Amino acid sequence: VITTTEEENIFNFKEYEAEKVNHVNKALDDAVPVKYPQTIHEAMRYSLLAGGKRIRPLLCIAACEAVGGHQSAAMPAACAVEMIHTMSLIQDDLPCMDNDDLRRGKPTNHKVYGEHVAVLAGDGLFILAIEQMATATLGVPPNKVLAAVRELTKAGGAEGLVAGQAEDLRCTGNNEIVKLETLEYIHLHKTAALFEASVVMGAIFGGGRDEQVEKLRIFARKIGLLFQVVDDILDETGSSEKLGKTAGKDLATGKMTYPKLLGLEKAKEFAEKLNEEAKEQLRNFDWKKVAPLIALADYITHRHY
Ligand code: GRG
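Going by full-length UniProt numbering, the residue at position 33 of the sequence shown is 63; the numbering climbs one at a time, nothing skipped.
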């Protein structure tokens, strides 16, 4: 439970999270009905509905509410971002990439359905995400929809996730000693880009002013990087029990981490600094409306899975 010092300011993050995750799960379930050809739709549903923390949809909805919007305005974007995230996980787990057997506590998509179905399920989710943005936003001014689609596609493509993954695989493949700036590049592209798109889309659909959207963009980039720094710390200290992933797998594969480059204490200080700098961006917002975003930033900083 996240609380503030004043009694009337108490904000119950766990309650908020549970309620929003419920809504998101229902919307995702509705978005991918089982139909012919059955296997492909089942494979899409298998990974999409396998659990997951739903951080990106939560960020999208919380950003929408931070600028005074209602969650329903952000829901198509919240679903779209989770679809792209899920497709990237399906692909990341493939034998030609990370070759993982478990994801979100369950066998990976290709282990259950085979590689060709897994690739197609990823493709299906990717395209469905764009379709969601185009159809589920009926009645929203086209300039808003276009701006949001631009954010999502930029974050997913060769300026975002694809770039981060390509650079990560190149470094791993070469057994390269990764420098701090390369590590930051990988995390900003693999993780922060989609956090940024989630928050910015939420703010756009919530009716945020340009200067609010830009503050929220910086907030999201910082907590995206923060997410990875904390992930590295949890891996290094062995306190990580990533759902369905072997704890410390990144260490076992010799992947570079913030604690390896900075030392554990400096990595922890860096995480706290990113959290503070992120929350600083929210200073001029209505504090009641940004309580969920603040709680999310704190959750990301202090989580133990
Ligand atoms: C999007 C076109 C397109 C291609 C994808 C494979 C690939 C290119 C990118 C891989 C990106 C990747 C695996 C990034 C890791 C991001 C990350 C932090 C994953 C873990 O996120 P959590 O902890 O997971 O939010 P849950 O399971 O809770 O959703």
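Note that CB positions come from ideal geometry on N, CA and C, so glycine has one too.
Model, not experiment: these values are computed from the prediction.
Candidates Gly186, Gly237 and Met231, of which the one nearest Ala250 by Cα = Met231
task = Pick out whichever of Leu168, Asp59, Val192 and Leu132 has its Cα sitting closest to the Cα of His115.
result = Val192
message = Checking the sheet assignment: what are the DSSP bridge partners for Arg133?
response = Answer is Lys136.
Whether Lys303 touches Phe235 by CB criterion (8 Å) = no
message = One question on the structure: do Lys113 and Leu158 come within less than 8 Å of each other, judged by their Cβ atoms?
response = In the sequence under discussion, the amino acid at residue 113 is Met, which differs from the Lys named in the question. A contact, by the Cβ cut-off of 8 Å.
message = Taking its Cβ as the centre, do 16 or more other Cβ atoms sit within 10 Å of Arg133, making it buried, or is it exposed?
response = buried
query = Which residues in the same chain as Ala197 place their Cβ atom closer than 8 Å to its Cβ, once the five residues preceding and following it in sequence are excluded?
reply = The amino acid at residue 197 is misidentified as Ala; the sequence shows Glu. For Glu197, where only same-chain residues beyond five positions count, the Cβ hits under 8 Å are Thr212, Tyr215, Ile216 and His219.
ask   = Run through DSSP, which three-state label would Glu206 get?
value = coil
query = Just checking, does the segment 318-333 make contact with the segment 93-104 on the three C-beta pairs under 8 Å criterion?
reply = yes
inquiry  = Taking only three categories from DSSP, how would you classify Val51?
reply    = helix
inquiry  = Could you tell me the alpha carbon to alpha carbon distance between Asp131 and Pro125, rounded to whole angstroms?
reply    = 9 Å
ask   = Which two residues bound the contiguous alpha helix (DSSP H) that contains Gly254?
value = According to the DSSP assignment, Gly254 belongs to the alpha helix (DSSP H) that extends over Asp240 to Thr267.
task = Report yes or no: do three or more beta-carbon pairs, one from the segment 288-297 and one from the segment 256-269, lie closer than 8 Å?
result = yes
message = For the ligand GRG, is there any heavy atom lying closer than 7 Å to the beta carbon of Met127?
response = yes
Assigned secondary structure, His332 (DSSP; H/G/I helix, E/B strand, else coil) = helix
query = Would you say the beta carbon of Ala122 comes nearer than 7 Å to a heavy atom of the ligand GRG?
reply = The sequence as given places Asp at residue 122; Ala does not occur at that position. Yes, since a heavy atom of the ligand GRG falls inside the 7 Å radius drawn around the Cβ of Asp122.
ask   = Is the beta carbon of Arg84 less than 8 Å from the beta carbon of Val54?
value = yes
request  = Go ahead and pull the three-state DSSP assignment for Gly81.
outcome  = coil
inquiry  = At the level of alpha carbons, what is the spacing between Glu181 and Ala107?
reply    = 10 Å
task = Please report how far the alpha carbon of Thr276 lies from the alpha carbon of Pro171, in whole angstroms.
result = Confidence is the limiting factor: at Thr276 the pLDDT is only 46, short of 50, which leaves the residue's position unreliable and the question unanswerable from this model.
message = Rounded to whole angstroms, what is the Cα-Cα separation between Gly268 and Arg239?
response = Here the alpha carbons of Arg239 and Gly268 stand approximately 43 Å from one another.
query = Taking the C-alpha atoms as reference points, what is the distance between His332 and Arg86?
reply = 17 Å
ask   = Should Phe300 and Val243 be called a contact, given that it needs their Cβ atoms to be closer than 8 Å?
value = no
query = Under 8 Å between the Cβ atoms of Ala233 and Ala103?
reply = no
Coil, strand or helix - Gln311 by DSSP = Looking at Gln311 - three-state DSSP - the assignment turns out to be coil, as it is neither helix nor strand.
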